[in-house]
Amino acid sequence: MNRKWMFLAITSLLAVGALAAHDTKADVRYTDLSAMGNSGVKGSAVLITLPNGDLEVWLRLEGLKPNSGMYANHIHFNDAGDANCKAQNGNKILGLKDAMAGPDGTALTYTRIPAAQVPTYPKGTTYVNVHANSPQAVGPSISCGDVLTIKLGQR
């Protein structure tokens, strides 16, 4: 297993374990990202809303063109609360750190959004979308995953 993926897996498990052990009311969300069209880009994301309200997001991608630059990615949502990959109807976004394609066509990013910027995670369904970096900096969708929620610390 690639060291980046091992790091992501271990970090995610430690974070979830620590939250569960402290009986927090944190929200943990996860998605598998699937290739859109014939991009071949797939991956996963772990999203954790910490007890203080900060949102942490780990994103890993594979199948990118090696050393091909930065890829914009976002959490998409909408006012109706029914945003999903198939419809591509998330007209509002929470921006995440751009993913940089490495020499092996993989990318790993970490984003922390302070609670002051995002008072609550968007209501309803959301999805993580990765965009092509050409012909413009934020191009068409190349990978997408609907976000699933796991509640910890609830009795």
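Residues -20 to -1, 1 to 135 (mature numbering (1 follows the signal peptide of the UniProt record, and there is no 0)) make up the sequence shown, in order.
Positions of the beta carbon are idealized from the N, C-alpha and C atoms, including for glycine.
Continuous beta strand (DSSP E) assignments of at least 3 residues falling wholly in the region 25 to 102
Counting only runs of 3 or more residues that sit fully inside the region 25 to 102, the beta strand (DSSP E) segments are 35 to 42, 53 to 57, 72 to 75 and 87 to 93, in chain order.
Under the three-state reduction of DSSP, which class applies to N109: helix, strand or coil?
Looking at N109 - three-state DSSP - the assignment turns out to be strand.
Check whether the region 45 to 61 touches the region 69 to 83, taking contact to mean three or more Cβ pairs, one atom from each stretch, closer than 8 Å.
Taking 8 Å as the limit for Cβ pairs, the verdict is that the region 69 to 83 does touch the region 45 to 61.
Please report the distance separating the alpha-carbon of Y10 from that of Y90.
Rounded to the nearest angstrom, the two C-alpha atoms are 14 Å apart.
How is V118 classed by DSSP in three states: helix, strand or coil?
Coil, per DSSP.
Let me know if D92 comes out buried or exposed under the rule of 16 or more other beta-carbons within 10 Å of its beta-carbon.
The identity of residue 92 in the sequence shown is Arg, whereas the question assumes Asp. Result: exposed.
Nearest CA to the CA of D126: which residue from S14, P31, N32 and A6?
The option with the nearest alpha carbon to D126 is S14.
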